[in-house]
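Undergrad: Encoded as structure tokens, here's the structure I'll be asking about.
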Amino acid sequence: GQMDLHHINTGRGNCTLCVLPDGTTLLIDAGEFQVEPTPEDIQRRTNVVPNALRAPWEWIVQYVESVITHRDPEFDYVWLTHFHSDHLGQVTEQGPVSDQGGYRLAGLTGVCDRIPFRKLIDRGWPDYDYPLSAEETRQTNVSHGREGFANTKLSEDNYQAFLAWHVASRGVEVERFLPGSSDQIRPVIGASDTFCFRNVVANGQLWTGNGTETRSLFPPVSEMTGMLPNENTCSAAGVIQLGEFKYFAGGDITGIVEMDKPTWFDVESHVADVVGPVDVAVMNHHGHRDTHNEHFVSVLKPRVWIGHSWSADHPGQGVFSRLTSRYLYPEDRDLFATNMMTANRAVIGPQLDQAYRSTQGHIVVRIDPDGEQYRVVIVDDQDETMMVKDVLDYKTSSKIETGMTDPLSGG
Numbered sequence: 030g031q032m033d034l035h036h037i038n039t040g041r042g043n044c045t046l047c048v049l050p051d052g053t054t055l056l057i058d059a060g061e062f063q064v065e066p067t068p069e070d071i072q073r074r075t076n077v078v079p080n081a082l083r084a085p086w087e088w089i090v091q092y093v094e095s096v097i098t099h100r101d102p103e104f105d106y107v108w109l110t111h112f113h114s115d116h117l118g119q120v121t122e123q124g125p126v127s128d129q130g131g132y133r134l135a136g137l138t139g140v141c142d143r144i145p146f147r148k149l150i151d152r153g154w155p156d157y158d159y160p161l162s163a164e165e166t167r168q169t170n171v172s173h174g175r176e177g178f179a180n181t182k183l184s185e186d187n188y189q190a191f192l193a194w195h196v197a198s199r200g201v202e203v204e205r206f207l208p209g210s211s212d213q214i215r216p217v218i219g220a221s222d223t224f225c226f227r228n229v230v231a232n233g234q235l236w237t238g239n240g241t242e243t244r245s246l247f248p249p250v251s252e253m254t255g256m257l258p259n260e261n262t263c264s265a266a267g268v269i270q271l272g273e274f275k276y277f278a279g280g281d282i283t284g285i286v287e288m289d290k291p292t293w294f295d296v297e298s299h300v301a302d303v304v305g306p307v308d309v310a311v312m313n314h315h316g317h318r319d320t321h322n323e324h325f326v327s328v329l330k331p332r333v334w335i336g337h338s339w340s341a342d343h344p345g346q347g348v349f350s351r352l353t354s355r356y357l358y359p360e361d362r363d364l365f366a367t368n369m370m371t372a373n374r375a376v377i378g379p380q381l382d383q384a385y386r387s388t389q390g391h392i393v394v395r396i397d398p399d400g401e402q403y404r405v406v407i408v409d410d411q412d413e414t415m416m417v418k419d420v421l422d423y424k425t426s427s428k429i430e431t432g433m434t435d436p437l438s439g440g
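Count the sequence shown with the working numbering and you get residues 30 to 440, in order.
Shown next as structure tokens:
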């Protein structure tokens, strides 16, 4: 059957629902960050979409229940790319508590409290100690004056309590994301010889492109001086392939090495070398200024870029220039965003609307069973009717890459 990739917009972070050709379901992230009640933060952050009458996780549940009609709503897999609040969810001490498990509900814990799941895969199970434990990370952030990041320990502790309850009471499986694997996420309802999910990188462990072999991009923690990998650089990234169609999702991996960072903060370049050209790519780190270096953009050269945007710097102006550069790759490309703030348009100018085909709405990529054609469907996110606003048709770019060896084959 066809494959649907739903990029769900709540205005509060990433969330993607994948319905594989056989009906297997995969949830990628379910973010819900909190906005500080200051004029500056309100001006720089998107509102809850469609409105604040429900929490973002409740809007995700409503969306999922509306589109999973071939079976009872359930996730065969949940893949959490990393532990930041706009991917995991941010709990507060005043937040709602689960009736069944005693953990607090926000983002992923809220969604998966209401919709059952069979297996969860993240970068940290079972020890959650790379590069540091949650408590060591909190202490480091406090010592560097980053109290806002220090508060993430509450959400991470809540997440682990959520997992512990579901493992003990519901028998769910939890696994660490294994770079190099091509069978950790696979169809569970019907076999397919045209579908592949390839784990590419996590915690700096990168698939080499040969079998399931990996190599480390980062030095050992004991040898790091003055700088440890942050949560973004440790993100898990993977490629979904159906026939000739290829889709890349990389969490918040980074590619621009800022002045105070070591060279190994460039994860993107190494990822690009093993992934190769794709048809659709989700923007790393929402298109933030530390991503989409020239090598990454020119190698992946997707026909479609999708941004889970929620801030006034999504995308950054430099990132936008690279994404749209004909010098980096001459082929046509269309950009899509779940949101776009007025500040972005003011800074980037009219070329932003020339490059983006849509700047508001849920973004659904629907791929034909043979993977040779796909379409991007823009769905209204301003109410629960979910009316279709636009449909754009594409052919896979593989036909242009004549003679190219498929880097995902592992051979």
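Here a beta-carbon is modelled for each residue, glycine too, at the ideal position from N, C-alpha and C.
1. Tell me whether the stretch 124–142 and the stretch 68–81 touch, counting them as touching only if at least three CB pairs, one residue from each stretch, are closer than 8 Å.
2. In its own chain, which residues sit with a C-beta less than 6 Å from the C-beta of E87, not counting the 5 before and 5 after it?
3. Hey, would you say F104 sits closer than 9 Å to T54, going by beta carbons?
4. Following the continuous beta strand (DSSP E) through S387, name the residue where it begins and the one where it ends.
5. Quick check: the Cα distance between Q213 and V376, rounded to an integer number of angstroms?
6. Going by beta carbon distance, what residues of the same chain come within less than 7 Å of M433, once the five residues before and after it are set aside?
7. Between D302 and the rest of its own chain, which residues show a CB-CB distance below 6 Å, the 5 nearest in sequence each way excluded?
8. For G240, which of G209, T67, F226 has the nearest alpha-carbon?
9. In chain order, what are the residue ranges of uninterrupted alpha helix (DSSP H) at least 4 long that sit wholly in the stretch 330–393?
10. By DSSP, does E65 sit in helix, in strand, or in coil?
11. Rounded to whole angstroms, how far is the Cβ of T320 from the Cβ of E297, which I believe are closer than 8 Å?
12. Which term fits L246, buried or exposed, when burial requires 16 or more other beta carbons within 10 angstroms of its beta carbon?
13. Where does F112 fall in DSSP's three states?
14. Are the beta-carbon atoms belonging to F112 and E204 less than 9 Å from one another?
15. If R401 sits next to E273, beta carbons under 8 Å apart, how far is it from one beta carbon to the other, in whole angstroms?
16. Please name the residue, chosen from H99, M312, L49, S426, that lies closest to D222 on a Cα-to-Cα basis.
17. Comparing the CB of V303 with every heavy atom of the ligand ADP, is any distance shorter than 8 Å?
18. If distances are taken between C-alpha atoms only, which option among L352, V304, A266, M32 comes closest to Q380?
19. Tell me which residues share the same chain as S387 and place their Cβ nearer than 6 Å to its Cβ, disregarding the 5 neighbours each side in the sequence.
20. Can you tell me whether M416 is buried or exposed, with buried defined as 16 or more other CB within 10 angstroms of its CB?
21. Counting only the same chain and skipping the five closest in sequence on each side, list residues whose C-beta sits under 7 Å from that of N322.
22. For the beta strand (DSSP E) holding W236, just list the boundary residues, first then last.
23. Identify every residue that forms a DSSP beta bridge with F277.
24. With DSSP as the reference, identify every bridge partner of H36, one or two as the case may be.
TA: Checking against the coordinates, here is how it stands:
1. Segment contact: the stretch 124–142 against the stretch 68–81, fewer than three CB-CB distances shorter than 8 Å; contact not assigned.
2. none
3. yes
4. 385–387
5. Taking the straight line joining both Cα atoms gives about 42 Å.
6. Confidence at M433 is low in this model, with a pLDDT of 32, below 50, so the placement of that residue should be treated as unreliable; the coordinate-derived value is given next. Cβ neighbours of M433 beyond the five flanking positions: none.
7. none
8. G209
9. 346–352, 371–377, 380–384
10. coil
11. 7 Å between Cβ atoms; contact.
12. Classification of L246: buried, given that the 10 Å Cβ count is 16 or more.
13. Coil, per DSSP.
14. no
15. Looking at the sequence provided, one finds Glu at residue 401 rather than Arg. Yes, E401 and E273 are in contact; Cβ-Cβ is about 6 Å, under 8 Å.
16. L49
17. Inclusion of the ligand ADP in the displayed structure is not the case, the ligand content being empty and no account of it being possible.
18. Out of L352, V304, A266, M32, L352 has the C-alpha closest to the C-alpha of Q380.
19. Same-chain partners within the cutoff: F365, I407.
20. exposed
21. G284, I285, D295, E297, S298
22. 234–236
23. Answer is V268, A310, bridged to F277.
24. In the DSSP assignment, the residues bridged to H36 are T45, I392.
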